[in-house]
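Take a look at the structure below.
In the working numbering, the protein residues as written are 146 to 259.
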């Protein structure tokens, strides 16, 4: 493997790890199940994609690289289905999405006067 390809591979793996950390922080910090799902599915899928791309560049052959990318595609499919099921179940149980009321203007919060 050439040296520049190895550097790109390592950068992709590090970037993927940073997206994993960002998704995990979003899971901890966000207020409700819907925003937590968004953080996990988006950031972790992108992180896994970058990680798999970096590992595919280090693979010995095309077959190994294709298997690594197939893993990413299968996880993309499974996480989308899993997030949809969790969100549907939360909605069916009556859990409503969190709404930030502090950012609204005073006029929007007051009742209209007649």
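Note that CB positions come from ideal geometry on N, CA and C, so glycine has one too.
{"Asked": "Inter-residue Cα distance where the pair is residue 186 and residue 210", "Found": "23 Å"}
{"Asked": "Pick from 241, 191 and 175 that is closest to residue 220, judged by C-alpha positions", "Found": "191"}
{"Asked": "Under the three-state DSSP convention, the category residue 175 falls into", "Found": "coil"}
{"Asked": "Inter-stretch contact (C-beta, 8 Å, three-pair minimum) for the stretch 200-217 and the stretch 166-178", "Found": "no"}
{"Asked": "Neighbourhood of residue 157 by C-beta, 6 Å cutoff - its chain only, sequence neighbours within 5 removed", "Found": "195, 198 and 199"}
{"Asked": "C-alpha distance - residue 203 paired with residue 189, whole-angstrom precision", "Found": "21 Å"}
{"Asked": "Reduced DSSP category for residue 190 - H, G, I as helix; E, B as strand; rest coil", "Found": "helix"}
{"Asked": "8 Å CB neighbourhood of residue 155 in its chain, flanking five on each side removed", "Found": "199"}
{"Asked": "Endpoints, alpha helix (DSSP H) assigned at residue 240", "Found": "Element bounds for residue 240: n/a, residue is neither H nor E."}
{"Asked": "Distance, residue 170 Cα to residue 222 Cα", "Found": "23 Å"}
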